[in-house]
Amino acid sequence: MTSSEHILPESNNIETSLDEVPLQQLTEKKLSCQNLKRYDSLDFESSRVPDAKKAAKWSVILQLAFQSIGVVYGDIGTSPLYVYSSTFLNGIKHEDDILGVLSLIFYTITLIPLIKYVFIVLRANDNGDGGTFAIYSLICRYAKVGLIPSQEAEDRDVSTFKLELPDNRTRRASKLKSMLENNEFAKFFMLFATMLGTSMVIGDGVLTPCMSVLSAVGGIKEAAPKAMTEERIIWISVAILVLLFTFQRYGTDKVGYAFAPIICVWFSLNAAIGLYNFVKYDPTVVKAINPKYIIDYFKRNKKDAWISLGGIVLSITGTEALFADVGHFTVRSIQISMCFVTYPALILTYTGQSSFLRKNTDNVSETFFKSIPHGIYWPMYVMAVFAAIIASQAMISGTFAIIQQSLALGCFPRVKIVHTSTKHHGQVYIPEINYLLMLACVVVTLAFKTTGKIGNAYGIAVVFVMTLTSSFLILVMIMIWKTHILLIIAYALIIGSVELIYLSSVLYKFNQGGYLPLAFAMFLMFIMCVWNYVYRKKYYFELDHKISPEKVKETIDETNFHRLPGLAIFYSELVHGIPPIFKHYVANVPCLHSILVFVSFKSLPISKVPVEERFLFRWVQPSDLYVFRCVVRYGYNDVRHEQEDFEKILVERVKEFIREYCLFSIAIKSHRQSIEKVKELENIGAMKAVEKEEVEIIKGEKEEDFASLVEKEMEVVDQACRVGVVHLVGEHEVIASIGSGIVKKVIINYAYNFLKRNLRQSNKVFDIPHKRMLKVGMTYEL
């Protein structure tokens, strides 16, 4: 930081009345400025994190809990359609195998969805938002593991928990944090794992609709085996999938209200049928609560029992939606709906099916539909089709949420984010992704045709994401929660071991369709890695070629530029200074507007930034150049330029900043004068006698100077705005530098530029008015 620049105070903390600026406060602000003299205050403040969302009222929580039933639990709620048939692929060989499988299902549902996700993982939300990127951004807030530098170099070693008492937990957290911050490989690996997990969740969003709809529609063969051929079932499923994705544009709010009653009825009917079968066929299956039957099951079947875990794991499909969709609702609403509706209904359903199978072992391939009492078969079939359609909603909504997060963190190409609810900020719809998911679902359904093959692929996506979430959660436990080491070990041994066993089982079926989610994930990973790689390269290029405030003044003085009336806004993603596009602009245009504002958009690793804390300004010195730097901070769930006039808000904030700047400048000047006067009075021993009179004189001088200075500066801004505002957008051509390797050239020159040409441009993302937009072209050699 240069001596010619002023240290500006936090604009949100300065009062507008001079009577409310006490001498002590001014002294503190002066000392604060001195302490920050090594830093760029704008960069320092732009890294601050606002407070979390306020707690919702109970009426809202219950309302969201009802909505969540229709959005979150459709997937896990339709698992009874195919779990037993997918587990006993070769039939039931021993009667007690049913008890072993029921015991496995009971403890799996209790351990993973209920204990792990509802009571542990949901606590690791990022200000109410969940998913793979949310937990990654949460870690980034507590450890400087991000690959895009958002602070000065001196800030990177600053750690809030280093100021805590040095107990064992804090030392452990500090050691792990330092290791992550100082290890470049660890940073890359964490980002890579996050993108891989995100890709697998999206892959899950493709497989869920196919699996659920095919299972439900296939049930009609029970009533009309001759009329419904496999070909007809497939095409009916495709038609239903197309309708499902068409409905997405109405938003999670409307979809939740439309689907929630259906899923509630579905859970109620399943629980009732399960209770009926339990009483009618074999109530003794309740003894499956004894885990001894799991041990006996593995002793009898050995390898076959281990392979069958790939079918049992389907009972918890969609569990990741509990976390990924929490941003659409709240943690408390998810906990209520799971504990009081979903969990009891699922346990009763699986218990009833196992009772039925104890007396009808030959019907295992069609367990669900065979176990339905004949009198309500058709109503249940219709409900199954509706529930299967709804089942897809959980992962589709979760896919929209995590792509929005990855987009904000520079890990996904630009797409349109539509916020579908004014009440709940996390509910979004992405048209491009919606249509791509629909196309992928149709292709998978036509290619695989049966739920057996899709189930092999389905399990890998489900368990892999769960395992990744557990790995990140252990980091959160150590660094952020500072959990006791014994509890961390218990979590890793119990839940971690169970997930690894399930993962080993589903990977066994890799060549039987299990390759599909991995292939899909690799495709998405390639896109995300290409975009993030060039995104980081561009940022570092701008950082290395940024224009210093001295260079701005020198450029204007040397070339004697004409200043046109008006306000020009330069857009950039560079937070640390003036982007190199400015130098390119002045080299080709022989004039500048009277007021220049360099606007940098920054995504913080947090879900939302309050509007009042969004804008941070800096006056580039000397002040008579009227050049401002502005950082506009957004969270990954913030609405960008929808239903707001960004230009108008920016001008108002510039005026507010100038007013506060003038106030502080005069206050500091007056404070120095008062200090000198007090020292003089102390020397002559007359301080108490004249102190009040002197302070009143100083206040009067301040008010007069302040009003005059502000009036002058406001007139300059108003005059510029009356003439007009021009938006200058950098049109960057990105190419690999001379001498780059073939891989780098392919990534930058072909892959990235292909994505850039075929996706939304920055002016569309930020909704810049076309009539007043000027694009400035520049080539970046990376």
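Its first residue numbered 282, the sequence shown is counted upward by one per residue in my numbering.
In this text, a Cβ means the ideal position worked out from N, Cα and C, and glycines have one as well.
Does Leu873 come out as helix, strand or coil in the three-state DSSP assignment?
In this structure, Leu873 counts as strand in the three-state DSSP scheme.
Which value, in whole angstroms, describes the spacing of the CA atoms of Ile420 and Ser596?
Spanning the two alpha carbons is a distance of roughly 30 Å.
Are Leu603 and Val787 touching if we call contact CB-CB under 9 Å?
Taking 9 Å as the Cβ cut-off, Leu603 and Val787 do not qualify as a contacting pair.
With a threshold of 6 Å on Cβ separation, who are the neighbours of Tyr1033 within its own chain once the five nearest residues in sequence on each side are excluded?
Correct list, in chain order: Val811 and Val815.
So what's Tyr710 in DSSP terms, helix, strand or just coil?
DSSP, read as helix, strand or coil, puts Tyr710 in strand.
Which word fits Pro542, buried or exposed, when buried means at least 16 other C-beta atoms lie within 10 angstroms of its C-beta?
Pro542 is classed as exposed because its beta carbon has fewer than 16 other beta carbons within 10 Å across all chains shown.
Span of the beta strand (DSSP E) holding Pro846?
Run containing Pro846: His843 to Ser853, per the beta strand (DSSP E) assignment.
Decide if Gln616 is buried, meaning its Cβ has at least 16 other Cβ atoms within 10 Å, or exposed.
Burial check for Gln616: the Cβ neighbour count within 10 Å reaches 16 or more, so the residue is buried.
Whole-angstrom distance between Leu550 and Thr368, CA atom to CA atom
Cα to Cα, Thr368 sits roughly 23 Å from Leu550.
Between the CA atoms of Leu629 and Leu1109 - distance to the nearest angstrom
A question about residue 1109 goes unanswered here, because the residues of the chain that appear run from 282 up to 1063.
Check whether Val341 and Thr611 have beta carbons under 9 Å apart
Yes.
Bridge partners for His1013 per DSSP, in chain order?
DSSP, once it has assigned bridges, lists Met1059 as partnering His1013.
Got a sec, what are the start and stop residues for the beta strand (DSSP E) Arg895 sits in?
Note, Arg895: premise wrong, no beta strand (DSSP E); not H, not E.
From Ala728 to Arg817, what does the alpha carbon distance come to, in whole angstroms?
Approximately 38 Å, taken between the alpha carbons.
Can you name, in chain order, every residue of its own chain whose Cβ lies under 6 Å from the Cβ of Ser853, other than the five neighbours on each side?
For Ser853, where only same-chain residues beyond five positions count, the Cβ hits under 6 Å are Pro860 and Ser881.
Helix or strand or just coil, what does DSSP make of Cys911?
Cys911: strand per DSSP, three-state reduction.
Reference Ile570; option with closest CA among Ile386, Lys456, Gly679 and Ala346:
Selected option, being the one with the closest Cα: Ile386.
Residue range of the alpha helix (DSSP H) that includes Asn582:
Lys573 to Asn582 is the extent of the alpha helix (DSSP H) around Asn582.
Span separating the alpha-carbon of Asn641 from that of Ile575:
Just so you know, the alpha carbons of Asn641 and Ile575 end up roughly 21 Å apart.
Straight-line CA distance for Tyr907 to Asp407?
Going by the C-alpha atoms only, they are around 39 Å apart.
Please classify Ile741: is it buried, with 16 or more other beta-carbons within 10 angstroms of its beta-carbon, or exposed?
Burial call: buried.
Assumed close pair Val353, Phe801 - CB separation to whole angstroms, cut-off 8 Å:
Between the beta-carbon of Val353 and that of Phe801 there is about 23 Å, and that puts the pair past the 8 Å contact cut.
Which of helix, strand or coil DSSP assigns to Val880
Three-state DSSP puts Val880 in a strand.
So for Leu396, helix, strand or coil by DSSP?
Just to set this straight, residue 396 is Ile in the shown sequence, not Leu. Here Ile396 carries a helix assignment [DSSP, helix/strand/coil].
Sequence ranges, alpha helix (DSSP H) only - wholly within the region 536-620, length at least 4
Qualifying alpha helix (DSSP H) stretches, in chain order: 573-582, 584-593, 601-605 and 612-618.
Nearest by alpha-carbon distance to Ile373: which of Arg639, Ile1023, Ser829 and Asp905 is it?
Of all alpha-carbon atoms in Arg639, Ile1023, Ser829 and Asp905, the one lying nearest the alpha-carbon of Ile373 is that of Arg639.
Is it true that the CB of Val519 sits closer than 9 Å to the CB of Thr726?
The answer is yes: Cβ separation under 9 Å.
Alpha-carbon to alpha-carbon, Met1059 and Leu1009
So the alpha carbons of these two residues sit roughly 13 Å apart.
Threshold first: 4 residues or longer. Then list the alpha helix (DSSP H) segments lying entirely within the region 611-694, N to C.
Taken in chain order, the unbroken stretches of alpha helix (DSSP H) that lie wholly in the region 611-694 and span 4 residues or more are 612-618, 624-640, 648-651 and 658-689.
Is Val1007 closer than 9 Å to Ala849 when the C-beta atoms are compared?
Result yes, Cβ atoms of Ala849 and Val1007 sit closer than 9 Å.
Quick one, which of Arg452, Pro394 and Tyr1061 has its alpha-carbon nearest Leu824's?
Among Arg452, Pro394 and Tyr1061, the Cα nearest to that of Leu824 is on Tyr1061.
By how many angstroms is the C-alpha of Phe528 removed from the C-alpha of Ile930?
Roughly 35 Å between the two C-alpha positions.
Which stretch, first to last residue, makes up the alpha helix (DSSP H) that contains Arg422?
Residues Thr413 to Tyr423.
Among the candidates Asn464, Leu383 and Leu1055, whose CA atom is the shortest distance from the CA of Val870?
The option with the nearest alpha carbon to Val870 is Leu1055.
Any idea if Ala424 is buried or exposed, counting beta-carbon neighbours within 10 angstroms, 16 or more meaning buried?
By the neighbour-count rule (16 or more Cβ atoms within 10 Å), Ala424 is buried.
Could you tell me if Tyr710 is buried or exposed, where buried requires 16 or more neighbouring beta carbons within 10 angstroms of its beta carbon?
Taking all protein chains in view, the Cβ of Tyr710 is crowded by 16 or more other Cβ atoms within 10 Å, so the residue is classified as buried.
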